[in-house]
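Novice: The numbers in numbering that gives the first Met the number 0 rise by one with no breaks, and the one at position 383 of the first sequence is 382.
We put the CB at the ideal spot given by N, CA and C, even for glycine.
Since the model is a prediction, treat every value here as computed from it, not as a measurement.
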Amino acid sequence: MQPTHIRAKMISRIKYMVSNAIIKDRRYLDDEQLIRSEQLSVLEEIFNANVRDTEITELSSHFAGILRKDHPCHLAIWGKTGTGKTLTLSYFLNFLSEMCSQENIPIRHEHLDLSTPCPCFRALNDLACTFNASKRYKKGISLEELMLRIEAKLSEYEGYLILFIDEVDNVKRDRDTFLTFLVRRLPQRIKARLILVLVSNRLNWPDHLDPRVKSFLKLNELIFEPYDAVDLQHILRIRIEKALCKNAVETGVVEKIAAMASMDHGDARKAVALLAKSAYLAEKDSTKITLETVDKAAAEFDKDRYLSLLRSAPVQLQAAMASVIQATIQYRDKRLGTGRVYDEYKKICRQASLRAMTARAFGDLISELDIYSLLRSKVISRGRYGRTREIVLELPTSLIADAWEMLKNNLNLN
DNA sequence: TGTCCACAGGAAATACGGGGGT
DNA sequence: ACCCCCGTATTTCCTGTGGACA
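Shown next as structure tokens:
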């Protein structure tokens with residue numbers, strides 16, 4: 000060991016990195032790290048570039064009634080993830096409140112974020128919490144009790160109350176109870192004028208809703224189109240200016256990222272994440288961000304997404320996924336039905352000393368994996384050889400080995 | 001035409017684990 | 001400390017089903 004040697008190495012590396020730095024302020028590559036006011040200022044710049052113009056105009060006319068002491072009806076908003084629904088709405092509602100307070104119109108808005116799937120109970124509980132009407136419970140208190148507390152808390156308030164409920168369709172099971180409460184019961188019991196803003200990323204969510212709720216729910220609808228490539232370019236350029244040094248980006252990179260992101264979802268968050276990843280990669284190699292860097296970043300991005308999704312999933316789901324992979328490898332080109340995969344699953348559970356769930360429950364696990372699009376399952380009939388769900392692994396082939404390794408580790412197999 | 005496979009997937013029953021009330 | 005109640009997760013039980021085969 001030669002301490003001076005390693006020191007010299009470190010110093011030269013650090014100096015080198017500093018002189019070649021391309022990231023100026025990495026917080027601007029990740030929204031989570033920005034404080035509220037910074038987020039809003041970025042947002043305002045984006046809006047000033049005429050992005051989301053039509054949506055904001057629509058919102059304005061929908062809520063204009065408030066300034067005339069009118070009661071606008073509820074609003075349903077559709078749009079895929081990363082189309083800026085949440086940010087646009089909170090920006091707009093803040094602005095609206097400001098305007099109203101200048102006119103002395105009492106108004107309040109609350110944001111209920113259901114970005115992770117949650118049962119009716121937790122949704123109500125969260126709602127109660129945002130009103131300070133109750134503490135956070137895990138269990139052990141009835142839905143009725145929660146509703147009463149919310150009502151009690153709001154009983155005195157008489158102005159407008161805008162409830163902005165993000166990702167409504169994440170309310171699993173009993174969605175009707177939740178919505179019935181909001182749509183029918185709550186308005187009758189409180190004096191405030193309630194306006195619901197329901198955000199969802201599926202277009203057809205009111206379809207399988209209790210018809211009684213639906214008829215009560217007079218809705219105005221607003222659709223957030225996915226960003227197109229031009230919008231995304233605006234968004235990226237603003238970020239680049241804030242986060243990166245001058246000349247850190249080769250020409251064509253912005254266009255490329257924008258094109259990639261708009262092609263598969265029009266998701267702005269994803270576009271920014273891709274930019275961030277590219278920047279990190281470029282910085283590590285001390286180069287500019289080139290077109291190849293972007294390709295590399297995109298590949299890694301996909302990999303990370305799948306693997307972290309799996310890693311953080313409940314064990315049973317991981318075991319189910321492992322069994323699907325195992326079965327796919329084992330039976331190579333034969334078609335996979337639920338039965339075979341279930342046998343595999345039982346084996347894996349034994350190895351991982353996990354309690355195997357019943358076939359019925361296993362079927363539900365498969366459906367869940369389908370929702371995450373880790374696999375595709377389709378019910379087919381093979382005549383006298385029965386009916387089953389054909390299961391096809393939907394993982395990029397390059398990832399199968401990685402995923403398998405990770406699952407094996409997580410489940411302590413072998 | 002009827003049979004029967006191998007499951008799907010709905011409904012009811014049961015197990016679980018945690019909070020509230022006393 | 002005890003018991004009871006609640007929502008949630010899983011199991012048990014069950015009916016349904018498309019089409020190959022006889």
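#1: With H, G and I counted as helix, E and B as strand and the rest as coil, what does DSSP make of Ala191?
#2: Among the residues of its own chain, which have a CB less than 8 Å from the CB of Gly64, if the five just before and after it don't count?
#3: With a threshold of 6 Å on Cβ separation, who are the neighbours of Thr327 within its own chain once the five nearest residues in sequence on each side are excluded?
#4: Of the choices Asn219, Leu153, Glu97, whose alpha-carbon is the least far from that of Ile76?
#5: Please confirm if the segment 284-300 is in contact with the segment 104-111, defined as three or more CB-CB distances below 8 Å between the two stretches.
#6: By the 10 Å Cβ neighbour count, where 16 or more other Cβ atoms means buried, how is Glu343 classified, buried or exposed?
#7: Confirm, please, whether the CB-CB distance from Leu374 to Ile390 is below 8 Å.
#8: DSSP puts Gly336 in a beta bridge; with which residues?
#9: Here's the rule I'm using: 16 or more other beta-carbon atoms within 10 Å means buried, otherwise exposed. How should Val198 be labelled?
#10: Which residue wins for smallest C-alpha separation from Leu235, given the options Lys255, Leu221, Ile222, Met262?
#11: Which runs of the alpha helix (DSSP H), 4 residues or longer, sit entirely within the segment 283-313?
#12: Shortest alpha-carbon distance to Asn246 belongs to which of Leu42, Thr286, Gly158?
#13: Just to confirm, is the Cβ distance from Leu28 to Leu274 under 8 Å?
#14: At a cut-off of 7 Å, would you count Trp403 as near the ligand ADP, judging by its Cβ distance to the nearest heavy atom?
#15: Assign Lys283 to buried or exposed, taking buried as 16 or more other Cβ atoms, counted over all protein chains shown, within 10 Å of its Cβ.
#16: Which term fits Asn200, buried or exposed, when burial requires 16 or more other beta carbons within 10 angstroms of its beta carbon?
#17: With distance defined between alpha-carbon atoms, name the residue in Gln350, Arg349, Leu364, Phe91 nearest to Val323.
#18: Per DSSP, which residues does Ala331 bridge with? Please list them.
#19: Return the residue from the list Ala312, Thr289, Cys244 that minimises the CA-CA distance to Ile22.
#20: Mind checking Asn131: buried by the 16 CB within 10 Å criterion, or exposed?
#21: Verify whether the separation of the beta carbon atoms of Glu150 and Leu185 is less than 8 Å.
#22: Just list the residues that DSSP pairs Glu220 with in beta bridges.
#23: From which residue to which residue does the beta strand (DSSP E) around Thr387 run?
#24: What is the rounded straight-line gap between the Cα of Cys348 and the Cα of Val340?
#25: Taking DSSP as the reference, what is the three-state secondary structure of Pro118?
#26: Whose C-alpha, out of Tyr279, Ala278, Ala257, is nearest the C-alpha of Lys269?
#27: How long is the line joining the alpha carbons of Ala351 and Gln325, rounded to whole angstroms?
#28: Indicate whether Leu153 and Ala122 have their beta-carbon atoms separated by less than 8 Å.
#29: Alpha carbon to alpha carbon, how far is Arg383 from Thr82? Give it in angstroms, no decimals.
#30: List in chain order: all unbroken alpha helix (DSSP H) runs of 4+ residues lying wholly within the segment 5-91.
#31: Enumerated in chain order, which unbroken segments of the alpha helix (DSSP H) with a length of 4 residues or greater are wholly contained in the segment 217-281?
#32: Would you identify the three-state DSSP class for Phe177, choosing helix, strand or coil?
#33: Work out the CA separation of Ser261 and Tyr414 for me, nearest whole Å.
#34: For Arg107, which of helix, strand or coil comes out of DSSP?
#35: With a Cβ-Cβ cutoff of 8 Å, do Ile34 and Ile237 count as a contact?
#36: Note down the Cα distance separating Lys346 from Gly265, rounded to an integer number of angstroms.
Specialist: A quick look at the data gives this:
#1: coil
#2: His70, Pro71
#3: Leu392
#4: Asn219
#5: no
#6: buried
#7: yes
#8: In DSSP, Gly336 forms no bridge with anything.
#9: buried
#10: Lys255
#11: 290-310
#12: Thr286
#13: yes
#14: No copy of the ligand ADP appears in this structure; indeed no ligand is present at all.
#15: exposed
#16: buried
#17: Leu364
#18: Sequence check: residue 331 is Arg here, not Ala. Its beta-bridge partners do not exist; DSSP assigns none.
#19: Cys244
#20: exposed
#21: yes
#22: Ala75
#23: 386-392
#24: 12 Å
#25: strand
#26: Ala257
#27: 14 Å
#28: no
#29: 48 Å
#30: 35-47, 52-66
#31: 228-242, 252-263
#32: helix
#33: Residue 414 falls outside the range modelled here, since the chain spans only 0 to 413, and no answer is possible.
#34: strand
#35: no
#36: 42 Å
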